[in-house]
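See structure below.
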Amino acid sequence: MNRTDSLRQTLARRALLGDGATGTQLQSMGLKPGACGEFWNTAHPDRVRELHRRYVTAGADLLTTNTFGANAFVLGHHGAADRGRELNVAGAQLARELAGDAAWVLGDVGPFGGMLEPLGETLPEDAAKAFRDQAAALLEGGADAILVETMSDPVEMALAIGAAQAAGATLVIATYAFQKSAVGLRTMMGTTVAAAVAAALAAGADVVGANCGTDLSLGDYEKLAAELVAAAKGNPVIVQPNAGSPILREGRISYAESAALFAAAAPRLLGAGARLIGGCCGSTPEHIAAMRPVVKPTG
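Structure below.
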């Protein structure tokens, strides 16, 4: 049985524990704000390995590659549009090395950073090519599945899912970023939870859900989890909250939601029907370790 099939079968049998933040953790290791963290896959692989090692030790079943912005559009802003394959292959290999038999590797694909026509200037086929190239490199490096995350536009989400499948991915996880509005939870584009999930499923996503989000408390994520489960129509749901909203203190960014609060939220997220839970911005290996006894009570 290959690793992707084993991931699918394990998910059908039990809940899975994701890892936590990548960017904010790399910043704690010395990455400068605004710098390209994906460069560290080749410039400082020892530090990326250490981050993955900490999450494996915390009990994560899933390791997310350090490739969120490693598409041609985002890398182009750093003068490195031609380094996509190199950085994605390296990022996947680093995660695969540390995962061993203890965890599966999710090849991380984030937004391309612009707007599609007609709202913006980017042609859908150009965005799709960037996503396809990235997914292909992640699979080449050893990713077991592709994670398309932090999306706001269902059209962009559908493009990325289709591109990942065209690159050879047989398991695609799709997550949106949501925020509160006067009429309920919406993406930045104003898309409802139900409509966002429906678009991802129609495009072929195997797992749907949410990560990140603006000004959402852990209680908000619990409500969001219930909405996601209702919209998913039996498909597995993933929820990876931020550790609260970022707070600037003495020139440094901190997050208010502690590991203990994540531990308390874990049974509520699972109770709402989520099958995969972890963390996003501001979460640490300590947050993941705190959720481990709930998600993996015998592990």
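Take 468 as the starting number for the sequence shown in this note's numbering and just add one per residue.
Ideal placement from N, C-alpha and C gives every residue a C-beta, glycine not left out.
Can you tell me where the alpha helix (DSSP H) with residue i in it begins and where it stops?
i	result
A727	726–738
K700	Segment: none, K700 is in no alpha helix (DSSP H) and carries neither H nor E.
V762	752–762
A665	660–670
What residue does the beta strand (DSSP E) around residue i start on, and which one ends it?
i	result
R775	Examination of residue 775 is not possible in this model, given that the chain is present from 468 through 766 alone.
S684	Per DSSP, S684 belongs to no beta strand (DSSP E) and is neither H nor E.
G676	674–678
R653	651–653
A641	639–643
L573	571–576
Taking DSSP's pairing of strands, which residues face residue i in a bridge?
i	result
A539	Bridge partners of A539: none, in fact.
S648	G651
Q492	DSSP, once it has assigned bridges, lists no residue as partnering Q492.
L583	T589
What residue from the options has the CA that sits closest to residue i's CA?
i	options	result
V624	G580, E588, G635	Position check: residue 624 holds Met in this sequence, whereas Val was assumed. Nearest option by C-alpha distance: G580.
G671	M618, L626, G536	L626
V572	G587, P591, L614	L614
Q560	A537, V674, T532	T532
R773	Q476, L483, R475	Residue numbering for the chain in the displayed model covers 468 to 766; residue 773 lies beyond these limits and cannot be assessed.
A510	F535, R521, L554, T471	L554
I640	A663, A667, P500	A667
V674	L638, T681, T491, D549	L638
C748	S684, R470, S473, N709	N709
V664	D682, G651, N702, R521	N702
D620	V660, T477, L478, L529	V660
A488	G746, A698, A548	G746
A604	L498, G686, A537	A537
Can you round the beta-carbon distance between residue i and residue j to whole angstroms, since I take them to be within the 8 Å contact cut?
i	j	result
A421	A693	Summary: the structure shown does not reach residue 421, with the chain confined to residues 468 through 766, and so no result is reported for it.
R514	M496	5 Å
V762	A723	The Cβ separation is near 22 Å, so there is no contact.
I755	A525	4 Å
A610	G567	Incorrect: roughly 15 Å between the Cβ atoms, too far for contact.
T617	C679	5 Å
A669	A634	In fact, because the Cβ distance is near 19 Å, the residues do not count as touching under 8 Å.
L736	V706	5 Å
V576	A631	7 Å
M655	Q646	7 Å
H519	L474	That pair is no contact at about 17 Å.
Beta strand (DSSP E) runs wholly inside the region 590–631, at least 3 long, in chain order: Qualifying beta strand (DSSP E) stretches, in chain order: 612–618.
Alpha helix (DSSP H) segments (min. 4 residues) lying fully within the region 494–568: The alpha helix (DSSP H) runs lying completely inside the region 494–568 and spanning 4 residues or more are 507–510, 512–525, 539–543, 551–566, given in chain order.
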